[in-house]
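Participant:
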Amino acid sequence: MSLILPALTICVAGATLVYLWRQKWGRPSTFLPPGPHRDPLIGNLRQMPSDKVPLIFHEWAKTYGDVMYLKVPGQAIVVLDSLRAAEDLLEKRSAIYSDRPKFPVYELFGWTCTLTMMPYGKKFSQYRQMHHSYLNREKCADYKPMQLVEARTLANNLLTLPWDQYENALSRFATGVITQIVAGHRIESEDDIYLRMSKMVLESLARAAQVPAGTAIDFFPFLEHFPSWFPGTRYAQMAREWRPTVRELHTFPVETVKKQREEGVATPSFILTHLDAVGTSSMTEEYEQDLQGNAAAMFTAVPVVSNLKETEKTWGVLSVFLLAMVLYPDCQRKAQQEIESVIGASRLPEFEDRAKLPYVECIYEELFRWNPGVPLGRMVPDLSCIIFNSPRQRYHTGACKTTHTAGCLYPQAPLSSPISVHKLTFRRGMTLDPEIYSNPTEFVPERYLPQPIGMGEPHFSGKFGFGRRICTGQYLAANSVWIAVATILATCRITNAIDEKGEIIVPENAMTYGLMRYCIKFAFVLLLTRPDSHPVDFRCAIEPRTPQSKSLVMEGLHAEAEY
Ligand code: HEM
0 MSLILPALTI
10 CVAGATLVYL
20 WRQKWGRPST
30 FLPPGPHRDP
40 LIGNLRQMPS
50 DKVPLIFHEW
60 AKTYGDVMYL
70 KVPGQAIVVL
80 DSLRAAEDLL
90 EKRSAIYSDR
100 PKFPVYELFG
110 WTCTLTMMPY
120 GKKFSQYRQM
130 HHSYLNREKC
140 ADYKPMQLVE
150 ARTLANNLLT
160 LPWDQYENAL
170 SRFATGVITQ
180 IVAGHRIESE
190 DDIYLRMSKM
200 VLESLARAAQ
210 VPAGTAIDFF
220 PFLEHFPSWF
230 PGTRYAQMAR
240 EWRPTVRELH
250 TFPVETVKKQ
260 REEGVATPSF
270 ILTHLDAVGT
280 SSMTEEYEQD
290 LQGNAAAMFT
300 AVPVVSNLKE
310 TEKTWGVLSV
320 FLLAMVLYPD
330 CQRKAQQEIE
340 SVIGASRLPE
350 FEDRAKLPYV
360 ECIYEELFRW
370 NPGVPLGRMV
380 PDLSCIIFNS
390 PRQRYHTGAC
400 KTTHTAGCLY
410 PQAPLSSPIS
420 VHKLTFRRGM
430 TLDPEIYSNP
440 TEFVPERYLP
450 QPIGMGEPHF
460 SGKFGFGRRI
470 CTGQYLAANS
480 VWIAVATILA
490 TCRITNAIDE
500 KGEIIVPENA
510 MTYGLMRYCI
520 KFAFVLLLTR
530 PDSHPVDFRC
540 AIEPRTPQSK
550 SLVMEGLHAE
560 AEY
């Protein structure tokens, strides 16, 4: 027993030395894209920004170009700073750049069979198909009545709740839509089981997402079996604690719908459709796991916790909307005038009005460009963009396809490759491109209107990602965001909050960006990344836009309650 600790320490120290040696001498960098100078062993670790990472990468890209290479111990990062580079690699070559690395930590948390983290392959196509069959453009038209009711509930909540509950209201909206899609369940109260579960699970996901594939466990999976006091096992311990909660989100919705189906009371949902497709008696264990994983993956698309800022989906976009409306009151006024002149003051917006409200459409588009909720693209890194540094190495690792962009080789990675390289599609740089967008840091909805009224600039086409990994919930999300924006504009006036001293609070026009933190612990270098952005906490005031607003919302809710 007394020999175990020294033996383990020697093993780990040996593995670390081998690893560091490989970092230093294992790979010449002949074919790498340009990037800041790298120190021996630690690469770009010293230069890595601790805040506003997307903006700083964008600054660096001005020197090194729109395909930039960075290296920190254990991870190589390829930053794609322009739409052209992203389209070139992720759209045109998506057959070879759609893979994901293995995520031992996520798996320990209980995220197995999850599309978002799934490597490219047969199962991946099967999962995409499962999502697509329920979330394609045509099917999403059927969900509009439900989204309309949820948007009106949101407006009602914003008009009645105090300011510190606004985030909850937005979260409830996002979760409410997803629970109906996934399980046919309508959230009626604040203590709803799905709200509680999503809140817990998203918190767990956020913790795991702080370290996408960058923990000691990811580098040395065997550490999972070590006792919790052993250096580098912290995330394994955390994962073990969260696992039951994550698993509950997988099993509970499927079990509940199965039971409802047996009792003949199930309402249409993603789960019911897939249960019906096979029949519960002939359902294999594998199919059930697939269904659980796919249903749970949709919940991960919803940030439900008011204090939880780590997620990037619908909530993020709507909080960006509130911030923009406070900072740019003229835009709010123009949109409200448009709604009033097209729809009048006696009813609320509906999906059929969308084409007649071009300025509201421009606001919707500008939200995704101005401060995209996912500035570094995928929260989950890809392994697909592994770069091999020499033909010799390609030979050794058996890569089979190569492509050529910006003078660099990007061969396809074999899944067994031991090299961990993470690509981050860099959406912030794409949305700030001065060659595409004039005054790019300003919120200017008019930029999309045709000239001479507007500037004729293009919509940001990467808002839901690229290629074969493009967001499967894009049509659902687009409808959710649009109807929420239109309904809030029609019913609410969003203004600056007043503080305790009676002074106007002017929110800072700044987004916080995830931290890149580094801890060097007992020779393990852990890269902790949180590649997300969200408005810094801000207060705003929301009041009825007209004396009739509240009653209109209530009438609208009653009229649509039986959709
Ligand atoms: C405004 C809301 C949303 C935004 C901005 C958004 C954006 C994104 C982005 C940028 C990606 C990465 C795409 C890539 O890797 O190129 C993604 C992936 C994904 N999204 Fe969304 N999303 C939203 C809502 C949703 C919703 C509502 C769902 C489900 C109902 C969903 C399901 C997914 C899934 C499953 C993936 C992973 C796809 C894969 O890896 O193959 N998203 N999303």
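Quick note: the sequence shown uses numbering that gives the first Met the number 0, first residue 0, plus one each step.
C-beta: ideal position from N, C-alpha, C; glycine also.
In this text, all values refer to a predicted model and were calculated from it rather than measured experimentally.
Leaving out the 5 sequence neighbours to the left and right, which residues in its chain are closer than 7 Å to K333 when beta-carbon positions are compared?
Facilitator: Stepping through the sequence shown from its first residue, residue 333 is reached at position 334. Excluding positions up to five away in sequence, the list reads Y358.
Participant: Once the 5 residues before and after L134 are set aside, which same chain residues still bring their CB inside 7 Å of it?
Facilitator: Translated into the one-based positions of the sequence shown, residue 134 becomes position 135. Hits under 7 Å: T471, G472, Y474, L475.
Participant: Restricting to Cα atoms, I'd like to know which of G555, I497, V505, R468 is closest to E90.
Facilitator: Position 91 of the sequence shown holds residue 90. The shortest Cα separation from E90 among G555, I497, V505, R468 belongs to R468.
Participant: Can you tell me which of the three DSSP states E542 falls into?
Facilitator: As a first step, residue 542 must be located in the sequence shown, where it is residue number 543. Residue state, collapsed to three classes: strand.
Participant: Just tell me which of K121, L44, L79, Y105 has its CA closest to the CA of D98.
Facilitator: Taking the first residue of the sequence shown as position 1, residue 98 is located at position 99. Selected option, being the one with the closest Cα: K121.
Participant: Are the stretch 445 to 456 and the stretch 110 to 127 in contact at 8 Å, needing three or more beta carbon pairs?
Facilitator: Verdict: no, contact absent.
Participant: If you draw a straight line from the C-alpha of E434 to the C-alpha of P33, how long is it?
Facilitator: Counting from one through the sequence shown, the residue named residue 434 turns up at place 435. Counting from one through the sequence shown, the residue named residue 33 turns up at place 34. Computed Cα separation, rounded: 21 Å.
Participant: How big is the Cα-Cα spacing for L194 and S340?
Facilitator: Taking the sequence shown and counting its residues from 1, the one referred to as residue 194 is at position 195. Taking the sequence shown and counting its residues from 1, the one referred to as residue 340 is at position 341. Rounded to the nearest angstrom, the two C-alpha atoms are 38 Å apart.
Participant: Report buried or exposed for A235, applying the criterion of at least 16 other Cβ atoms within 10 angstroms of its Cβ.
Facilitator: Working through the sequence shown from its first residue, we reach residue 235 at position 236. Buried: at least 16 other Cβ atoms inside 10 Å.
Participant: Helix, strand or coil for L79 per DSSP?
Facilitator: Indexing the sequence shown from 1 puts residue 79 at position 80. Looking at L79 - three-state DSSP - the assignment turns out to be strand.
Participant: Judging by CA-CA distance, which residue of F463, S460, I497, R368 is the nearest neighbour of S437?
Facilitator: One-based indexing of the sequence shown puts residue 437 at position 438. Of the candidates F463, S460, I497, R368, the one whose C-alpha sits nearest the C-alpha of S437 is R368.
Participant: Which residues share a DSSP beta bridge with V66?
Facilitator: Taking the sequence shown and counting its residues from 1, the one referred to as residue 66 is at position 67. Answer is L79, bridged to V66.
Participant: What span of residues does the beta strand (DSSP E) with N370 cover, start to end?
Facilitator: Here the question's residue 370 lines up with position 371 in the sequence shown. Careful: N370 lies outside any beta strand (DSSP E) and carries neither H nor E.
Participant: Could you check the C-alpha separation between P457 and R260 for me, to the nearest Å?
Facilitator: Within the sequence shown, the letter at position 458 stands for residue 457. Within the sequence shown, the letter at position 261 stands for residue 260. In a straight line, the C-alpha of P457 is about 47 Å away from that of R260.
Participant: Tell me which residue opens and which closes the alpha helix (DSSP H) that R136 is part of.
Facilitator: Here the question's residue 136 lines up with position 137 in the sequence shown. Where R136 is concerned, the enclosing alpha helix (DSSP H) stretches over 136 to 141.
Participant: Looking at C-alpha atoms only, which residue of Y286, T159, L153 is the closest neighbour of P483?
Facilitator: Taking the sequence shown and counting its residues from 1, the one referred to as residue 483 is at position 484. The identity of residue 483 in the sequence shown is Ala, whereas the question assumes Pro. It is L153.
Participant: Curious, which full-length alpha helix (DSSP H) runs of at least 4 residues does the stretch 436 to 524 contain?
Facilitator: Whole alpha helix (DSSP H) segments, 4+ residues: 473 to 490.
Participant: Who are the near neighbours of F350 in its chain, counting only those whose CB is closer than 6 Å to its CB and skipping five residues on each side?
Facilitator: Sequence index remark: in the sequence shown, residue 350 carries index 351 (1-based). Hits under 6 Å: K143.
Participant: In three-state terms, what does DSSP make of V71?
Facilitator: Mapped onto the sequence shown, residue 71 falls at position 72. If DSSP states are grouped into helix, strand and coil, V71 belongs with the strands.
Participant: Given 8 Å as the limit, is there contact between the stretch 269 to 278 and the stretch 324 to 338, that is, 3 or more CB pairs closer than that?
Facilitator: The stretch 269 to 278 vs the stretch 324 to 338: no contact.
Participant: Could you compute how far the alpha carbon of E554 sits from the alpha carbon of S268?
Facilitator: Within the sequence shown, residue 554 is the residue found at index 555, counting from 1. Within the sequence shown, residue 268 is the residue found at index 269, counting from 1. Those two C-alpha atoms are separated by around 27 Å.
Participant: For ligand 1, is there a heavy atom less than 7 Å away from the beta-carbon of K462?
Facilitator: Position 463 of the sequence shown, counted from the start, is the residue given in the question as residue 462. Checking the Cβ of K462 against ligand 1 gives yes.
Participant: So G343 and V256 are in contact, right, with Cβ under 8 Å, and what is the actual spacing, rounded?
Facilitator: On the sequence shown, residue 343 is found 344 positions in, with the first residue counted as 1. On the sequence shown, residue 256 is found 257 positions in, with the first residue counted as 1. That pair is no contact at about 41 Å.
Participant: For the stretch 542 to 553 against the stretch 486 to 503, do three or more pairs of beta-carbon atoms, one drawn from each stretch, fall closer than 8 Å, so that the two count as touching?
Facilitator: Yes: at least three Cβ pairs fall under 8 Å.
Participant: Distance check for N478 and R353, CA to CA, integer angstroms please.
Facilitator: Taking the sequence shown and counting its residues from 1, one reaches residue 353 at position 354. Taking the sequence shown and counting its residues from 1, one reaches residue 478 at position 479. Straight-line Cα distance between these residues: approximately 10 Å.
Participant: What does the alpha-carbon distance come out to for the pair G13 and S281?
Facilitator: The count along the sequence shown starts at 1 and reaches residue 13 at position 14. The count along the sequence shown starts at 1 and reaches residue 281 at position 282. So the alpha carbons of these two residues sit roughly 50 Å apart.
Participant: Going by beta carbon distance, what residues of the same chain come within less than 6 Å of R37, once the five residues before and after it are set aside?
Facilitator: Stepping through the sequence shown from its first residue, residue 37 is reached at position 38. For R37, where only same-chain residues beyond five positions count, the Cβ hits under 6 Å are N43, K70.
Participant: Within 7 Å: the Cβ of M145 and any heavy atom of ligand 1?
Facilitator: Position 146 of the sequence shown, counted from the start, is the residue given in the question as residue 145. Incorrect: M145 has no Cβ contact closer than 7 Å to ligand 1.
Participant: Measure how close the beta-carbons of D432 and L82 come, nearest whole angstrom, since I'm counting them as under 8 Å.
Facilitator: Looking up residue 432 in the sequence shown gives position 433. Looking up residue 82 in the sequence shown gives position 83. About 7 Å; that satisfies the 8 Å criterion.
Participant: For D38, list the residues DSSP reports as bridge partners.
Facilitator: Numbered from its first residue, the sequence shown carries residue 38 at position 39. G42.
Participant: From what residue to what residue does the alpha helix (DSSP H) around E287 run?
Facilitator: Working through the sequence shown from its first residue, we reach residue 287 at position 288. Note, E287: alpha helix (DSSP H), 284 to 298.
Participant: So, using beta-carbon positions, are R151 and L556 closer together than 8 Å?
Facilitator: For this step, residue 151 is matched to residue 152 along the sequence shown. For this step, residue 556 is matched to residue 557 along the sequence shown. Closer than 8 Å, so yes.
Participant: Throw me the rounded Cβ distance for the L290 and T486 pair, which I believe falls under 8 Å.
Facilitator: Taking the sequence shown and counting its residues from 1, one reaches residue 290 at position 291. Taking the sequence shown and counting its residues from 1, one reaches residue 486 at position 487. Contact flag wrong, Cβ pair sits at about 33 Å.
Participant: Taking the continuous alpha helix (DSSP H) assigned at H249, which residues delimit it?
Facilitator: Taking the first residue of the sequence shown as 1, we reach residue 249 at position 250. That run of the alpha helix (DSSP H) goes 233 to 262.
Participant: On the DSSP letters alone, give me the boundaries of the alpha helix (DSSP H) that P103 sits inside.
Facilitator: Taking the first residue of the sequence shown as 1, we reach residue 103 at position 104. Note, P103: alpha helix (DSSP H), 103 to 108.
Participant: Cβ of V319 within 7 Å of any heavy atom in ligand 1?
Facilitator: Here residue 319 corresponds to residue number 320 of the sequence shown, with the count starting at 1. No, since every heavy atom of ligand 1 falls outside the 7 Å radius drawn around the Cβ of V319.
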